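The structure under discussion appears below in the form of structure tokens.
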């Protein structure tokens, strides 16, 4: 039962995200949109970190990155630690595409705060923090 209910909520968030991304990024294909989302969540990874996370070769990653740079959704920022490396940073153009999804999440959370008691909201927040911590411990595993 828990798995089914969680999946329903997760699917609603995914569907909203993909729909808003498709509405707001007409010049990106879904693979690029997905890649930009991953880069955004990885918080300015290097090209190698991105390639490793995606399970693709560095030359393939570089090719994809250059396409997204050309479209204005991504930039390379020289690394302060290693002059040979660059960090990938999504541009404001991509962030603007995210705003619709952020607004949806904000509205959802405001509604949650209205329909649940403050204690229930605090418990949900505590549970989400714990879930986040536990998921980070098992990051990159396929268990």
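In the working numbering, the protein residues as written are 291 to 433.
Even glycine gets a Cβ: it sits at the ideal position worked out from N, Cα and C.
Given the structure is predicted, the values throughout are model-derived calculations rather than measurements.
Note to self: Taking the alpha carbon of residue 387 as the reference point, which residue from 372, 367, 307 has its own alpha carbon closest?
What the structure shows: Of the residues 372, 367, 307, the one whose Cα lies closest to the Cα of residue 387 is 307.
Check: How would you label residue 413, buried or exposed, when you count the other beta carbons within 10 angstroms and need 16 or more for buried?
Finding: exposed
Check: CA-CA distance, residue 402 and residue 353?
Finding: 42 Å
Next item on the list: Using 10 angstroms around the beta-carbon of residue 364, count the other beta-carbons present and answer buried if the total reaches 16, otherwise exposed.
Entry: buried
Item checked: Sheet register partners of residue 368 (DSSP bridge) -> Note: residue 368 sits in a beta bridge opposite 376.
Next item on the list: Give the single residue among 293, 356, 344, 339 whose Cα lies nearest to the Cα of residue 324.
Entry: Measuring C-alpha to C-alpha distances from residue 324 to each of 293, 356, 344, 339 identifies 344 as the nearest.
Notebook entry, point to check: When the distance is taken between beta carbons, is residue 379 closer than 8 Å to residue 334?
Noted result: Contact flag set, yes.
Note to self: Under 8 Å, with one C-beta from each stretch per pair, do the region 385 to 399 and the region 304 to 323 reach the 3-pair mark?
What the structure shows: yes
Notebook entry, point to check: Hey, residue 337 and residue 348 are a contact pair by Cβ (cut 8 Å); roughly how many whole angstroms apart?
Noted result: 6 Å
Checklist line | Same chain only: Cβ atoms within 8 Å of residue 362, ignoring 5 sequence neighbours per side | finding: 381, 383
Next item on the list: Specify, as a first and last residue, the run of the alpha helix (DSSP H) that residue 349 falls within.
Entry: 348 to 360
Notebook entry, point to check: Taking DSSP as the reference, what is the three-state secondary structure of residue 336?
Noted result: It is a strand residue.
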